[in-house]
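Q: First the structure, which I've put down as structure tokens, then a few questions once you've had a look.
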Amino acid sequence: MIAELRAAFNTTYRLEKYRSLLTLLESRAGAHIEFRVAETPVFLRLEMLEEIASAGSELTERLLAWPEYMAGARASIPEEFRVAGDSTHPHFLTADFALVRTASEELAPRLVEIQAFPSVYAYQAMLAEAYLESFNLPDTLGIFLSGLDREGFRTLFRQTVLGGHDAKHVVLTEIDPLHQKTLPDFLLTSQELGIEVVDIASLVPVGDKLHYKDATGGLVPIDRIYNRAIADEMIARYVQLPFELTYPWEVEWAGHPNWYFLISKYAIPWLSTGAPAGTDAGQMRGGHSVVPPAVFLDDFLNGGGLAKLEAAGVNLPKSRGADVVYENLLLKPLFSFAGKGIQFAPSRFELEAIPEGERQNYLLQQRMHFVPTIETPHGLTQMEIRILYLWPDGGELTPVLPLVRLGRGKMMGVDHNRNQEWVGASAAFWR
Numbered sequence: 004m005i006a007e008l009r010a011a012f013n014t015t016y017r018l019e020k021y022r023s024l025l026t027l028l029e030s031r032a033g034a035h036i037e038f039r040v041a042e043t044p045v046f047l048r049l050e051m052l053e054e055i056a057s058a059g060s061e062l063t064e065r066l067l068a069w070p071e072y073m074a075g076a077r078a079s080i081p082e083e084f085r086v087a088g089d090s091t092h093p094h095f096l097t098a099d100f101a102l103v104r105t106a107s108e109e110l111a112p113r114l115v116e117i118q119a120f121p122s123v124y125a126y127q128a129m130l131a132e133a134y135l136e137s138f139n140l141p142d143t144l145g146i147f148l149s150g151l152d153r154e155g156f157r158t159l160f161r162q163t164v165l166g167g168h169d170a171k172h173v174v175l176t177e178i179d180p181l182h183q184k185t186l187p188d189f190l191l192t193s194q195e196l197g198i199e200v201v202d203i204a205s206l207v208p209v210g211d212k213l214h215y216k217d218a219t220g221g222l223v224p225i226d227r228i229y230n231r232a233i234a235d236e237m238i239a240r241y242v243q244l245p246f247e248l249t250y251p252w253e254v255e256w257a258g259h260p261n262w263y264f265l266i267s268k269y270a271i272p273w274l275s276t277g278a279p280a281g282t283d284a285g286q287m288r289g290g291h292s293v294v295p296p297a298v299f300l301d302d303f304l305n306g307g308g309l310a311k312l313e314a315a316g317v318n319l320p321k322s323r324g325a326d327v328v329y330e331n332l333l334l335k336p337l338f339s340f341a342g343k344g345i346q347f348a349p350s351r352f353e354l355e356a357i358p359e360g361e362r363q364n365y366l367l368q369q370r371m372h373f374v375p376t377i378e379t380p381h382g383l384t385q386m387e388i389r390i391l392y393l394w395p396d397g398g399e400l401t402p403v404l405p406l407v408r409l410g411r412g413k414m415m416g417v418d419h420n421r422n423q424e425w426v427g428a429s430a431a432f433w434r
């Protein structure tokens, strides 16, 4: 943390500035901001942000170079979501990190999860700029990573989403986008890139091409899809598409649907133990220091998973009775979004109640205790840092922008910090 910037912000904070921030956000987005926006940004050392961003890149490169992992991840994709036309790499990536206290009392980052899926790129860039304006912050503060400025970020974002295609033939697809909390980002992306935002369930197949309807009802062929539709939400809402998702349509995907599964929470147990000897990633044997110990639920109950966690230093009860509670573990469904389905301190009974055929779709991860580091009028507050990456066709995996969530509860997502102040979605600046 940059102490003098934190102190200066807290001293000069005024409620009217925060209200002007919210007004500015809604004016620029053209929509109501439904999730809570924090009263404050955070001020971090660039070296720390670069360390975290580098860890996310390294973990991703490890996974892509690990044949056994990629084969296992591909096998985990539900058959109805195995979409044709894979890209050679994900176009988008997010990596979430907590700050924890090590045994030597130092602050260190730990991976919360990693996901090859788009985040709110356009909104987050606008949010950071709105903080600068609303609170009259120094214009010497940095927003973007990898040496990018605002124009460099816009160029890379455009390149990644459009892939060189005419914007008229590129669409952002989501399930009922006008009623999603991320609508502000959709609208800003549409303004920025000139692409249409459409409901994925409204696409029209003609021959081997997919089309969307323009304002006059005419059909416009689609060359590239910026996909924001999440598979588990499609399942939960029983979305029936008017086309077969797995068919080899003549379309490119910016954010191919398969990557949602290929790099996800499924990766954490693999990354926490490292690659086995003899694989292409064998030189990286041993878990990465930023990845907390984790195992799949079926391995925990019926294999060596419990012993692996104990060997990694996780303190677990010796009893195997149904009433035992694993206070130091989190139960997570592999394919869920925004913290849905996460259970703290599960009991043995609750774990064994999950049907055997579904246990491979859950992991148990060492619970991380976020260290409160942000000084606010309501006391020290916890921070989760998300790094947003872009990877255009023919380009490189590039960390572009930090996103921050502030909270004082068990969960850090904006949905879990509604009835508090100085918490919620935020931005990070570096000097």
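Note that the sequence shown covers residues 4 to 434 in the numbering used here.
Glycine is no exception: its CB is placed at the ideal position from the N, C-alpha and C atoms.
(1) Keeping to the same chain, check which residues put their C-beta closer than 6 Å to that of G308; ignore five residues upstream and five downstream.
(2) Helix or strand or just coil, what does DSSP make of S436?
(3) Going by other Cβ atoms of all chains shown within 10 Å of its Cβ, with 16 needed for buried, is L320 buried or exposed?
(4) I'd like to check one pair, Y229 with L175: are the Cβ atoms closer than 8 Å?
(5) Going by C-alpha distance, which of P272, M237, E253 is nearest I225?
(6) Tell me the residue span of the beta strand (DSSP E) that contains T143.
(7) D99 by DSSP, collapsed to three states: which one?
(8) Quick check on the DSSP output: the beta strand (DSSP E) that includes W256 runs from which residue to which?
(9) Where in the segment 108-137 do unbroken runs of the alpha helix (DSSP H), each at least 4 residues long, occur, reported from the N-terminal end onward?
(10) Measuring CA to CA, which of T401, T384, P402 is closest to Q423?
(11) Would D235 and F95 qualify as a contact pair, given that the criterion is a beta-carbon distance under 8 Å?
(12) Taking only the alpha-carbon atoms, compute the straight-line gap between I266 and G324 and give it to the nearest angstrom.
(13) Quick one: give me the first and last residue of the alpha helix (DSSP H) that L186 is part of.
(14) So, with DSSP's three-state summary, where would you put P44?
(15) Helix, strand or coil: which one does DSSP assign to P295?
(16) Go to I390, then tell me how far its beta strand (DSSP E) extends in each direction, as first and last residue.
(17) Taking C-alpha atoms, which residue in F264, V293, N261, V317 lies nearest to L274?
(18) Within its chain, find whatever has a CB closer than 8 Å to the CB of G88; leave out the 5 residues flanking it on each side and keep chain order.
(19) Comparing alpha-carbon positions, which option in R411, R389, R39, L140 lies nearest R434?
(20) Is the beta carbon of L409 sitting closer than 8 Å to the one on Q368?
(21) Kindly indicate which residue of L190, I390, Y134, M4 has the alpha-carbon position closest to the one of T43.
(22) How about L391 and V403: do their beta carbons lie closer than 8 Å?
(23) Can you tell me whether DSSP reads V374 as helix, strand or coil?
(24) Output yes or no for whether 8 Å exceeds the beta carbon distance between L47 and I5.
(25) Taking 8 Å as the limit between beta carbons, can you name the residues of its chain near K311, skipping five residues before and five after?
(26) Rounded to a whole number of angstroms, what is the C-alpha to C-alpha distance between G220 and V86?
(27) Mind checking D99: buried by the 16 CB within 10 Å criterion, or exposed?
(28) Please work out which residues of its chain come closer than 7 Å, Cβ to Cβ, to P187, disregarding the five sequence neighbours upstream and downstream, and give them in chain order.
(29) If I follow the unbroken beta strand (DSSP E) through D202, where does it start and stop?
(30) In this structure, how does DSSP classify W425 when only helix, strand and coil are distinguished?
(31) Determine which residues share a DSSP beta bridge with V207 and list them.
(32) Can you tell which of T376, L8, E399, E83 has the C-alpha that lies nearest to the C-alpha of L144?
(33) Just to confirm, are V45 and A428 a CB contact at a threshold of 8 Å?
(34) Does DSSP classify V407 as helix, strand or coil?
(35) Measuring only the C-alpha atoms, how far is S193 from T63?
(36) Classify I198 as buried or exposed, calling it buried when 16 or more other Cβ atoms lie within 10 Å of its own Cβ.
A: According to the data block:
(1) V298, D302
(2) Residue 436 lies beyond the range of the chain shown here (4 to 434); nothing can be said about it.
(3) Note that residue 320 is Pro in the sequence shown here, rather than Leu. Classification of P320: exposed, given that the 10 Å Cβ count is below 16.
(4) yes
(5) E253
(6) T143 -> no beta strand (DSSP E), and no H or E assigned at all.
(7) strand
(8) 255-257
(9) 124-137
(10) T384
(11) no
(12) 34 Å
(13) 186-196
(14) coil
(15) coil
(16) 385-393
(17) V293
(18) P251, W252, V254, E255, W256, H259
(19) L140
(20) no
(21) Y134
(22) yes
(23) coil
(24) yes
(25) T276, P296, V298, D302
(26) 28 Å
(27) buried
(28) A32, A34, I36, Y126
(29) 199-202
(30) coil
(31) H214
(32) L8
(33) no
(34) strand
(35) 29 Å
(36) buried
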